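A quick write-up on the structure given underneath.
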Amino acid sequence: MSTVRELQVELGARAYPIRIGRGLLDDGAGLAARVPGRHALVVTDRNVAPHYLARVEAALAGKSFGKLVLPPGEQEKTLARFGDVMAALAALGASRDATVIALGGGVVGDLAGFAAACWMRGVGFVQLPTTLLAMVDSSVGGKTAVDLPQGKNLVGAFHQPSAVFADTATLDTLPGRELRAGLAEVVKYGAIADPVFFDWLEANAEALLARDPEALAEAIAVSCAHKAGIVARDETEQGERMLLNFGHTFGHAIETEQGYGGLLHGEAVAVGMVLAARLSADLGRAPWSDTARLATLLERLELPVALPPGLSGDALLARMKLDKKAVSGALRLILWSGLGRAEVASAVPEADIRAVLDA
Ligand SMILES: NC(=O)c1ccc[n+]([C@@H]2O[C@H](COP(=O)([O-])OP(=O)(O)OC[C@H]3O[C@@H](n4cnc5c(N)ncnc54)[C@H](O)[C@@H]3O)[C@@H](O)[C@H]2O)c1
Ligand SMILES: O=C(O)C(=O)C[C@@H](O)[C@H](O)[C@H](O)COP(=O)(O)O
Ligand SMILES: [Zn+2]
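Mapping of the sequence shown onto full-length UniProt numbering: position 269 corresponds to residue 269, and the numbering continues sequentially without gaps.
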């Protein structure tokens, strides 16, 4: 195994490690140590299972484990699939000391995590992320959820994993479009919290697209450090954690309006960040020059930066109103103050939001 980087999410008695390195899935002992009871259920999808499930099964030798291999994609992050996970846990006879293991991207992680939060009111949970997006964002922090046709992640719970093992060798089989979608969330950390990292991303964009292992490992480690710090300071999103939603009020509205079959989450977030940055510049809160830098970097990473055709501003605005940051029905947005800084804003005039949606 090559170099393993290790970070910790500091949550007191619930603190947990994030390990990042090539070949981690072959460290069966590391995974087995996080499965204290007799029962484990591995949740994965049909794209991931043929490549990686056997290694997880080998690590669970001696345990009573089940596996659930779901169809892939955002359209499967549903209450119906949540029911399938519940049924699989029941079939396994999983007791309160059971562990749910998510092997896959953010869809599998969010769904399996929500199941772990609910089965017998909460059982153990381990994240084995296999997409860049899951390694840099969704596997860390304990936000778990499923989508409704009305909106993204509307049904969910905070439920932290007991460990995150990111085997970066799994990225070798990840399709290019999915890798690029993950890069959008990487750019988010630079945009909201770390101008030096943003500069580094500008300097390393081509290396990241070319899957240079060192560049990817660095991007994952820096992203996880930011996410772990924010989660440790504000686990349940009372303040600072809301900044991780930069671009998401727009992005989630796009995903929902497209029936979860259009832009990928990371792509929608890329568009959403550019819209939020433009809105911020329109309102005099962010320099136009930084907005241009953000859009240029995302374009260099081959991500979309404009709304896909055919979406109506009215429909998107209506979707945005169901965002979870709203208070008493009033929308709150994450606005940008320029590179490295963002803030929560309420009372943003609807006309200004409509203007960026219609531009
Ligand atoms: N909980 C959080 O904090 C959080 C953060 C960000 C995003 N999310 C959620 O994550 C989801 C998006 O996650 P995603 O981008 O990982 O998408 P995904 O889970 O749909 O995975 C992307 C695609 O890649 C395939 N795949 C996964 N790993 C692979 C591998 N190593 N090789 C080949 N194919 C592979 C999957 O089967 C799928 O088709 C969204 O639902 C989003 O809302 C959650
Ligand atoms: O961890 C967080 O907090 C985030 O907001 C990370 C986002 O990238 C992620 O997409 C998250 O699932 C969005 O959360 P939601 O609460 O808006 O559904
Ligand atoms: Zn996201």
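Note that beta-carbon positions come from the ideal geometry of N, C-alpha and C, so glycine has one too.
Every value quoted in this text rests on a predicted model; they were computed, and no experiment measured them.
Heavy atom of ligand 1 within 7 Å of residue i beta-carbon
i: Asn47; result: yes
i: His51; result: yes
i: Ala32; result: no
i: Asp212; result: no
i: Pro309; result: no
i: Thr173; result: yes
i: Thr256; result: no
i: Gly83; result: no
Three-way DSSP call (helix, strand, coil) for residue i in this model
i: Gly265; result: The amino acid at residue 265 is misidentified as Gly; the sequence shows His. If DSSP states are grouped into helix, strand and coil, His265 belongs with the helices.
i: Gly30; result: helix
i: Glu302; result: coil
i: Ser64; result: strand
i: Gly246; result: The sequence shown places Phe at residue 246, not Gly. Residue state, collapsed to three classes: coil.
i: Ala330; result: strand
i: Gly239; result: coil
i: Pro287; result: coil
Check: residue i C-beta below 7 Å from any heavy atom of ligand 2
i: Lys321; result: no
i: Leu244; result: yes
i: His226; result: no
i: Ala145; result: yes
i: Lys152; result: yes
i: Arg241; result: yes
i: Gly109; result: no
i: Lys324; result: yes
i: Glu218; result: no
Reference residue i; option with closest CA among the options
i: Ser346; options: Leu25, Gly266, Ser328; result: Ser328
i: Pro36; options: Ser64, Leu92, Gly338, Asp194; result: Ser64
i: Ala59; options: Arg38, Leu70, Leu31, Thr44; result: Leu31
i: Glu218; options: Arg19, Ala90, Asp314, Glu343; result: Arg19
i: residue 375; options: Asp167, Gln150, Val146; result: Examination of residue 375 is not possible in this model, given that the chain is present from 1 through 359 alone.
i: Leu298; options: Ser337, Ala286, Phe198, Ala281; result: Phe198
i: Val136; options: Glu206, Leu183, Arg5, Val9; result: Leu183
i: Leu209; options: Leu128, Val274, Leu132; result: Leu132
i: Val274; options: Val140, Ser337, Thr256; result: Ser337
i: Ala169; options: Glu206, Pro129, Gly106; result: Pro129
i: Leu11; options: Gly83, Gly142, Ala205; result: Gly142
i: Arg96; options: Ala115, Arg81, Asp84; result: Ala115
Identified DSSP bridge partners for residue i
i: Tyr16; result: Val9
i: Gln146; result: In the sequence as displayed, the identity of residue 146 is Val instead of Gln. DSSP, once it has assigned bridges, lists Val155 as partnering Val146.
i: Pro129; result: Gly104
i: Gly310; result: Answer by DSSP bridge pairing: none, since Gly310 is not bridged.
i: Glu343; result: Leu335
i: Leu41; result: Gly66, Val100
i: Ala166; result: Ile20
i: Gly124; result: Thr99
Rounded Cβ spacing between residue i and residue j (contact assumed at less than 8 Å)
i: Gly113; j: Thr144; result: 3 Å
i: Cys224; j: Leu7; result: 5 Å
i: Leu316; j: Leu263; result: Actually they are not in contact, since the Cβ atoms of Leu316 and Leu263 sit about 13 Å apart, beyond 8 Å.
i: Gly21; j: Thr3; result: 6 Å
i: Gly124; j: Ala98; result: 7 Å
i: Val100; j: Asp45; result: Going by Cβ atoms, the distance from Val100 to Asp45 rounds to 15 Å, so no, they are not a contact pair.
i: Val231; j: Tyr189; result: Wrong, their Cβ atoms sit about 13 Å apart, outside the cutoff.
i: Ala88; j: Val126; result: Not really, about 16 Å apart at Cβ, beyond 8 Å.
Exercise. What is the chain-ordered set of residues for which the beta carbon lies under 6 Å from any non-hydrogen atom of ligand 4?
Worked result: With respect to ligand 4, the structure offers nothing, as its ligand set consists of ligand 1, ligand 2 and ligand 3.
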